[in-house]
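Q: Residue numbers for the sequence shown, in the numbering used here: 1310 to 1609.
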Amino acid sequence: MRKDCQPPASGATVSKLPACFETKPLVATLLALTLVMLLWNLPPYYQNLLSTTTRPSCSASEATVSLSNTSSSFTRTSLSDQKYLSSSSSSSSNADPNKRIFQAYGNAAALFVQMGAYRGGPTTFAVVGLASKPIHVFGRPWYKCEWISNNGSSIRAKGYKMLPDWGYGRVYTVVVVNCSFPVNPNRDNAGGRLMLNAYYDESQRKYEKLTALEELPGSYNESKFHPPYQYEYLYCGSSLYGNLSASRIREWMAYHAWFFGPSSHFVFHDAGGVSPEVRAALDPLGSCWEGYYSGYKRAS
1310 MRKDCQPPAS
1320 GATVSKLPAC
1330 FETKPLVATL
1340 LALTLVMLLW
1350 NLPPYYQNLL
1360 STTTRPSCSA
1370 SEATVSLSNT
1380 SSSFTRTSLS
1390 DQKYLSSSSS
1400 SSSNADPNKR
1410 IFQAYGNAAA
1420 LFVQMGAYRG
1430 GPTTFAVVGL
1440 ASKPIHVFGR
1450 PWYKCEWISN
1460 NGSSIRAKGY
1470 KMLPDWGYGR
1480 VYTVVVVNCS
1490 FPVNPNRDNA
1500 GGRLMLNAYY
1510 DESQRKYEKL
1520 TALEELPGSY
1530 NESKFHPPYQ
1540 YEYLYCGSSL
1550 YGNLSASRIR
1560 EWMAYHAWFF
1570 GPSSHFVFHD
1580 AGGVSPEVRA
1590 ALDPLGSCWE
1600 GYYSGYKRAS
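(1) Can you check which of these residues, Pro1450, Tyr1529 and Gly1468, is closest to Ser1458 by C-alpha distance?
(2) With H, G and I counted as helix, E and B as strand and the rest as coil, what does DSSP make of Phe1490?
(3) For Leu1525, which residues from the same chain have a beta carbon less than 6 Å from its beta carbon, with the 5 sequence-adjacent residues on both sides left out?
(4) Tell me, please, which residues DSSP counts as bridged to Glu1517.
(5) Keeping to the same chain, check which residues put their C-beta closer than 6 Å to that of Gly1551; ignore five residues upstream and five downstream.
(6) So what's Arg1557 in DSSP terms, helix, strand or just coil?
(7) For Asn1460, count the other beta carbons within 10 Å of its own beta carbon; 16 or more makes it buried, fewer makes it exposed. Which is it?
(8) Would you call the stretch 1538 to 1548 in contact with the stretch 1432 to 1448, where contact means no fewer than 3 C-beta pairs closer than 8 Å?
(9) Tell me, to the nearest whole angstrom, how far the beta carbon of Tyr1414 is from that of Ala1507; I am working on the premise that it is less than 8 Å.
(10) For Glu1541, does the count of other Cβ atoms within 10 angstroms reach 16, so buried, or fall short, so exposed?
(11) Quick one: is Ser1512 buried, meaning 16 or more other Cβ sit within 10 Å of its Cβ, or exposed?
(12) Measure the Cβ-Cβ separation of Asp1510 and Arg1557 and say whether it is below 7 Å.
(13) In chain order, what residues of the same chain have a beta carbon less than 8 Å from the beta carbon of Ala1589, not counting five sequence neighbours either side?
(14) Which of the three DSSP states is assigned to Glu1531 in this structure?
(15) Are the CB atoms of Val1436 and Ala1521 nearer to each other than 7 Å?
(16) Flag this pair as yes or no: are the beta carbons of Pro1494 and Trp1451 separated by less than 7 Å?
(17) For a quick check, are the C-beta atoms of Leu1610 and Phe1434 less than 7 Å apart?
(18) Quick check: the Cα distance between Cys1488 and Arg1428, rounded to an integer number of angstroms?
(19) Can you list, in chain order, the stretches of the beta strand (DSSP E) that have 3 or more residues and sit fully within the stretch 1559 to 1598?
(20) Near Ser1587, what residues of its chain come up, given a Cβ to Cβ distance below 6 Å and the 5 sequence neighbours on each side ignored?
(21) Let me know if Val1492 comes out buried or exposed under the rule of 16 or more other beta-carbons within 10 Å of its beta-carbon.
(22) For Cys1454 and Leu1505, which I take to be in contact (beta-carbon distance under 8 Å), what is that distance rounded to the nearest angstrom?
(23) How about Lys1470 and Val1483: do their beta carbons lie closer than 7 Å?
(24) Go through the stretch 1413 to 1460 residue by residue and report every complete run of the alpha helix (DSSP H) that reaches 4 residues or more, in order.
(25) Use the C-beta contact count for Leu1439: other C-beta atoms within 10 angstroms, 16 or more gives buried, fewer gives exposed.
(26) When burial is assigned at 16 or more other CB atoms within 10 Å of the CB, is Pro1593 buried or exposed?
(27) When we look at the beta-carbon of Gly1468 and count the other beta-carbons within 10 Å, is it buried (16 or more) or exposed?
Below, the structure is given as structure tokens:
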């Protein structure tokens, strides 16, 4: 009978045990398995690395992609197109005057997400939007305003930013940019566009350019900014959500419209609670109310 391993002549069995096993093949096998596992896990890493350093060649990736939820719609575009998006975004927003959407400018955490712009007086404008809070914490973003008139002239002014709810901001915070010009930029009523340049830091080389507001020729009315004013009271309500009763909304609006009087304006945010029945209860109010949701706007 053949024996693979002869019994030891002495009692030192532990020292003779490696002679029964080949340790080199075992170590080589373990190394091979380790290399296989490493190679198995490396491709996803390189794939992610390549996807972040190269641009897709598909032309569809250059198109504007809208991400909508019940309260807002965000528009994300490629970084190379955003600096020259003012004309295209202006034309798309003017396609439907009853639409108000968020326009994002910048990459990753957007530098500025435009919500709207308003003329506050003959020489002042306000541009309202969201901005990345880390950019304002760790960076020094600033803004420059420019009015480009339809007659070919232009005037510039530095924008003054305000952060009204800094304590409540998370990734994004509300930013209001005030544009004050030394003179009325549309004093000849020729119309024009208010452009806003948003800079990432103190350098002027990297920025995002957007069209904040556009006035048509003959649309400027000087009397709106002198007494008697069109509105005396502005009511800005909280977000409306859930299953709202149209009859209760009608009763609430009837009382408050009577209480504030005809020179009052109501603003509501539809977060999913304004059903067709609720909107039908608000529509008879005409131009004294304004609502927006998912890009919808109802105003005079």
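Quick reminder that beta carbons are idealized off the backbone N, C-alpha and C, glycines included.
A: Quick look at the numbers:
(1) It is Tyr1529.
(2) Looking at Phe1490 - three-state DSSP - the assignment turns out to be coil, as it is neither helix nor strand.
(3) Take Leu1525, set aside five residues on each side of it, and the residues of its chain with a beta-carbon closer than 6 Å to its own are Gly1500, in chain order.
(4) DSSP lists Ala1507 as partners of Glu1517.
(5) Cβ within range, chain order: Gly1582.
(6) The answer is helix: DSSP assigns Arg1557 an H, G or I state.
(7) When all chains shown are included, Asn1460 counts as exposed.
(8) Segments in contact, no.
(9) In this structure Tyr1414 is in contact with Ala1507, their Cβ atoms being roughly 6 Å apart against a cut-off of 8 Å.
(10) Looking at its Cβ environment, which holds fewer than 16 other Cβ atoms inside 10 Å, Glu1541 is exposed.
(11) A residue is called buried when at least 16 other Cβ atoms come within 10 angstroms of its Cβ; Ser1512 does not meet this threshold and is exposed.
(12) In this structure, Asp1510 keeps its C-beta atom at 7 Å or more from the C-beta atom of Arg1557.
(13) Closer than 8 Å at Cβ, skipping near neighbours: Ala1555.
(14) Here Glu1531 sits in helix by DSSP.
(15) Against a cut-off of 7 Å, the Cβ pair of Ala1521 and Val1436 comes out as a contact.
(16) The beta carbons of Pro1494 and Trp1451 sit no closer together than 7 Å.
(17) Because the chain spans 1310 through 1609 in this model, residue 1610 falls outside it and cannot be assessed.
(18) Roughly 9 Å between the two C-alpha positions.
(19) List check, beta strand (DSSP E) in window: 1573 to 1579.
(20) The identity of residue 1587 in the sequence shown is Val, whereas the question assumes Ser. These residues qualify, in order along the chain: Leu1553, Ala1555 and Ile1558.
(21) Counting the other CB atoms within 10 Å of its CB gives Val1492 a total below 16, which places it among the exposed residues.
(22) Here Cys1454 really is in contact with Leu1505; their C-beta atoms are around 6 Å apart, less than 8 Å.
(23) The Cβ atoms of Lys1470 and Val1483 lie no closer than 7 Å to each other.
(24) DSSP runs (the alpha helix (DSSP H)) wholly in the stretch 1413 to 1460: 1442 to 1447.
(25) Under this definition Leu1439 is a buried residue.
(26) The residue is exposed, with fewer than 16 neighbouring Cβ atoms inside 10 Å.
(27) Here Gly1468 is buried, its C-beta having at least 16 other C-beta atoms within 10 Å.
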